[in-house]
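Working notes for the structure below.
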Amino acid sequence: VSDLFSQGTRGIMVAEGNVGLAFLVCIIAGLATSIGASMPFFRRIKSSNRIILAVALSISAGVMSFVSFSEILQVKAVEAFLSSYDCSRKDSANFSECYKEFYGKSLGWAYGLFFCGMLICALLDGIAHRLSGHDDSLDDLDEIMDHEDSMKNCGQNSAFPAALEAGEVTKDTSTEIAIKGEKRELRRMSLLAGLALAIHNIPEGFATFVATLKEPYLGMSLAVAIAVHNIPEGITVSMPIFYATGSRWKGFLWSSLSGLAEPVGGLLGYAIFSEGTGDFALGVVFSLVAGMMIFIVIAELLPTSFHYDPSKRSAVLGFCSGMFVMALSLVLFAL
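Counting in this note's numbering, the final residue of the sequence shown is number 335, and the numbers go up one at a time with none missing.
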């Protein structure tokens, strides 16, 4: 295996890719967290509409699923492994024979490492759950939306944030849901959730950086999908901190910090590829990235989407639409 890592002449070298663009794409994906983090500043806007949230997440899941299977794993990873065996489609005179001999091995490496990528993401997800202190990552966002629904029904949606900032507490039972004697615990849980999200965002930033370095359009597609689901993540951190402290800026800043993990993941990719590497190593990275992306879809995006759309009709439509848009974009880029 160590010999294979040095084989091939088409491996990524940072000098050959647009490093600035790759980092910029990572930063933009991370900044999407700040969109959700800014929700405390909008007094007359609910934190999220359930169906809109479900559709947005399912579209993101469709994009990430299609690009991971059809482009990153089946094309980029397998071609990189074939090139490590000197089976370049353009340069090899005996490509047909080489393809027959090494295609099965290339698939084996790609698929095996794909599941390793899923395992890595599962381990990171387990660490994140242990840090957050509870198993259901949807509880915080549910509580926020349920509270704002009750505030709207009572006609107090715009008054409650102002009362918090002024240090006033009403006796209305609808406000007691968020403020009754547990502000310290709510603040602690929110900060831990932010740390957990930061750990979770590192492989996403890594995947975005590597994909953009190799194929800019591929990285941008991933970044858009990641940015969509970073928005509700920002809400889950900023709103509880706001309810606990009464400070919009504290909620915004602490939540935005979790988005900085995206460029940290990009720095990890830069460190790995700064000296250049062989095609086999490139195949390893793309296979792992595909596995990480699919795990995020299965473990987070789709379950969350179905949670907020119990009928599943809008979520399924969004998922199929995301795949269709990604397929169409890949065809157009290939023309």
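For glycine and all other residues, C-beta sits at the position ideal for the given N, C-alpha and C. In this text the structure is predicted, and so the values were computed from the model without any measurement.
Distances from the CA of residue 71 to each of 317, 214, 232, 36 were compared; the closest alpha carbon is that of 214.
Here residue 62 is not near residue 293, since their CB atoms are 8 Å or more apart. Residues of the same chain with a CB within less than 8 Å of the CB of residue 320, apart from the 5 flanking positions on each side, are 62 in chain order.
Looking at 269, 60, 247, the one whose alpha-carbon comes closest to that of residue 202 is 269. Of 297, 241, 226, 252, the smallest CA-CA separation from residue 262 is found for 226. Straight through space, the alpha carbons of residue 31 and residue 109 are spaced by roughly 34 Å. Taking residue 35 as the centre and dropping the five residues before and after it, the same chain places the C-beta of 231, 234 closer than 7 Å to its C-beta, in chain order. The alpha-carbon of residue 256 is positioned some 22 Å away from that of residue 221. Here the C-alpha atom of residue 216 lies approximately 15 Å from the C-alpha atom of residue 64.
For residue 204, the number of other beta carbons within 10 angstroms of its own is at least 16, and it is reported as buried. Considering only 219, 264, 278, the residue with the shortest C-alpha distance to residue 199 is 264. Bounds of any alpha helix (DSSP H) do not take in residue 39, whose DSSP letter is neither H nor E. Comparing alpha carbon positions, the residue from 75, 126, 250 closest to residue 300 is 126. Note on residue 241: 16 or more other CB atoms within 10 angstroms of its CB, so buried under the neighbour-count rule. Taking every protein chain shown into account, the CB of residue 112 has fewer than 16 other CB atoms within 10 angstroms, so this residue is exposed. DSSP places residue 263 in the helix class (H, G or I) of the three-state scheme.
In the structure shown, residue 203 adopts helical secondary structure according to DSSP, grouped into three states. Take the alpha-carbon of residue 304 and the one of residue 54: they are about 7 Å apart.
Short of 7 Å from the beta carbon of residue 115, and not among the five residues preceding or following it, lie these beta carbons of its own chain, in chain order: 291. According to the DSSP assignment, residue 283 belongs to the alpha helix (DSSP H) that extends over 279-296. Assignment of residue 18 by DSSP, reduced to helix, strand and coil, places it in the coil class. With a cutoff of 8 Å on beta-carbon distance, residue 130 and residue 308 are scored as not near each other.
Residues of the same chain with a CB within less than 8 Å of the CB of residue 18, apart from the 5 flanking positions on each side, are 212, 213, 216 in chain order. Separation of the CB atoms of residue 248 and residue 69 is rounded to 41 Å, and the pair is thereby denied contact status at 8 Å. In this structure residue 104 is exposed. Its beta-carbon is surrounded by fewer than 16 other beta-carbon atoms within 10 angstroms.
About 5 Å separates the Cβ atoms of residue 25 and residue 219, confirming a contact at the 8 Å cut-off. Between the alpha carbons of residue 259 and residue 85 lies a gap of roughly 39 Å.
Here residue 246 is buried. Its C-beta has 16 or more other C-beta atoms within 10 Å. One thing to note: residue 237 has its Cβ no nearer than 8 Å to the Cβ of residue 285. Taking 8 Å as the cut-off, the Cβ atoms of residue 296 and residue 121 count as close.
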